[in-house]
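**Q** Going by our numbering, the letters in the sequence shown line up with residues 356 to 720, in that order.
Ideal Cβ positions, reconstructed from N, Cα and C, are used throughout, including at glycine.
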Amino acid sequence: ADSIDFHQYTYPAGDIEPNEPALGRVMMAFDPHCDFIIAIGSGVINDICKMLARVTRSRYMIVATAPSMDGFASPSSSLDQEGVKVSLSSATAWAIVGDLAVLRNAPTKLLLAGFGDMLAKYTSICEWRIAHIITGEYYCETVAAITRDALRTCMQNAPKLLSRDSTATKSVMEGLVLSGIAMAYAGVSRPASGMEHYISHLIDMRTLAFGTPADLHGTQVGVGTLATLKLYEKIRTLRPNRDKALKAAAAFDYALWTETLRGFVGPGTDMMVALERRDHKYDLQAHAKRLDTIIANWDRITAIIDEELPSYEDIHRVMTDLGMPVTVDEVGLEAASLPLAIKCTKDIRDKYIASRLLWDLGELD
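1) Compare the Cα-Cα distances from residue 369 to each of 399, 389, 385 and report the closest residue.
2) For the beta strand (DSSP E) holding residue 691, just list the boundary residues, first then last.
3) If you check the beta carbons only, do residue 476 and residue 432 fall under 8 Å apart?
4) Taking the Cβ atom as the reference point for each residue, do residue 461 and residue 421 lie within a distance shorter than 8 Å?
5) At what residue ranges does the stretch 538–624 contain a whole run of the alpha helix (DSSP H), taking only runs of 4 or more?
6) With burial defined as no fewer than 16 other Cβ atoms inside 10 Å of the residue's Cβ, what is the status of residue 598: buried or exposed?
7) Please work out which residues of its chain come closer than 6 Å, Cβ to Cβ, to residue 512, disregarding the five sequence neighbours upstream and downstream, and give them in chain order.
8) Might you give, ordered along the chain, the residues of its own chain that have their beta carbon closer than 7 Å to the beta carbon of residue 449, omitting 5 neighbours on each side?
9) Give the range of the beta strand (DSSP E) segment to which residue 414 is assigned.
10) If distances are taken between C-alpha atoms only, which option among 495, 556, 647, 584 comes closest to residue 601?
11) Does the separation of the CB atoms of residue 440 and residue 556 fall below 8 Å?
12) Residue 435 and residue 373 - do their beta-carbons sit closer together than 8 Å?
13) Quick check on the DSSP output: what are the complete beta strand (DSSP E) runs of length 3 or more inside the stretch 430–488, in order along the chain?
14) Assuming residue 609 and residue 637 form a contact by the criterion Cβ under 8 Å, report the distance between their Cβ atoms to the nearest whole angstrom.
15) Using only alpha-carbon positions, find the residue among 711, 720, 716 that is nearest to residue 483.
16) I'd like the span of the alpha helix (DSSP H) that includes residue 650, first residue to last.
17) Out of curiosity, what's the CA-to-CA distance linking residue 560 and residue 632?
18) Name the one or two DSSP bridge partners that residue 391 has.
19) In this structure, how does DSSP classify residue 678 when only helix, strand and coil are distinguished?
20) Whose C-beta lies closer than 7 Å to the C-beta of residue 537 among residues of the same chain, with five residues either side of it excluded?
21) In the structure shown, what three-state DSSP assignment does residue 396 receive?
22) Is the beta carbon of residue 573 closer than 8 Å to that of residue 706?
23) What distance in whole Å lies between the Cβ atoms of residue 682 and residue 583, which are believed to be in contact at a cut-off of 8 Å?
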């Protein structure tokens, strides 16, 4: 090893955000003779170095210091771009090293953040299946099963996490890595990310725009999962009403809604507006077509909810037993703002999620 030339860059002490300045710093320090990048860290370091690997066309590996998020094996990076939390195509790791002696001694907050990111897989798989029915989006049961099985193992070992049990820590780390592999197989983030991630993204975007508080990604995602489970319990009680849904869509004022978005999200609204220009999800004919599909397949949709989702109470109890935050005001969003945040999730990206289903049904307000 002494004969191997290398160049090392260490970020200054303090919090690092996954944004343009942080990526720019490491790019400016990059030695063009380098042909292999080794990142040592977790979420932010992983996201930045994967993007560095893509830009420099270098091979890349991550040495994990905490099992805190599911991006180790995914082919994308979650970054802040011009005030918007975006997922950009980056590089896939050639190797992922997770030493249990290191991982099990990571700060408890980081261990629980990883567990929170795993909880998201309940809603992500559910929404992927529902979107497949309503929009015809690609779905692969083999890929979904990878995530589902990893989640099951993780939940079985959850009670032992706080004691830093090696098996429990391993189940979280393996679950996070397998979730990333599932995303790589699918070519999209669907196997691991749904509306619960959009709630987390909104918290981050408000932090960028207004300086409001935020927490770790996985911690926010865990809380977002609880909020999403509560929303699906509402959906489960509904029956589609065609007239109500069509009237609600016709009455929707997109210009007014854009101003509401801008007030709540800030500059990130511009990217959301650009996305709507491309996707036309509020187009009345497109809505009517989706509504017909929803009504014709309502029993299938509710069956998927029953098959995939645990109860809000069960997950709330698990999180409470572990000492995890369970309300949005614990992770930087005022409780009174949650209904508006849920409405905003339908505009963040192009995934068909619970809030879009409720809008299509005329039941989001």
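**A** Quick answer:
1) The shortest Cα separation from residue 369 among 399, 389, 385 belongs to 399.
2) Neither: residue 691 is in no beta strand (DSSP E) and is coded neither H nor E.
3) For residue 476 and residue 432, no; Cβs fall outside 8 Å.
4) Cβ distance < 8 Å, so residue 461 and residue 421 count as in contact.
5) The DSSP assignment places 550–565, 572–591, 597–606, 609–620 as complete runs of the alpha helix (DSSP H) inside the stretch 538–624, in order along the chain (cut-off: 4 residues).
6) Here residue 598 is exposed: its Cβ has fewer than 16 other Cβ atoms, across all protein chains shown, within 10 Å.
7) 522, 523, 526.
8) Within the same chain, Cβ atoms closer than 7 Å to the Cβ of residue 449 are found at 414, 415, 416, the five residues on either side in sequence being excluded.
9) Per DSSP, residue 414 belongs to the beta strand (DSSP E) from 414–419.
10) Residue nearest to residue 601 within the set 495, 556, 647, 584 is 647 (criterion: CA-CA distance).
11) A distance below 8 Å separates the beta carbons of residue 440 and residue 556.
12) It is a contact, given that the beta carbons lie within the stated cut-off.
13) Runs of the beta strand (DSSP E) lying entirely within the stretch 430–488 and spanning at least 3 residues, in chain order: 431–436, 439–444, 450–452.
14) Contact between residue 609 and residue 637 is confirmed by a C-beta separation of about 6 Å, below the 8 Å threshold.
15) Answer by Cα proximity: 711.
16) It spans 639–651 - the alpha helix (DSSP H) in which residue 650 sits, taken as one unbroken run.
17) About 21 Å.
18) For residue 391, which the question treats as bridged, DSSP gives the partners 414.
19) In the three-state reduction of the DSSP assignment, residue 678 falls in the coil class, being assigned neither a helical nor a strand state.
20) For residue 537, where only same-chain residues beyond five positions count, the Cβ hits under 7 Å are 498, 501, 502, 546, 547.
21) Residue 396: strand per DSSP, three-state reduction.
22) Not a contact, by the Cβ cut-off of 8 Å.
23) Not confirmed; about 14 Å, so no contact.
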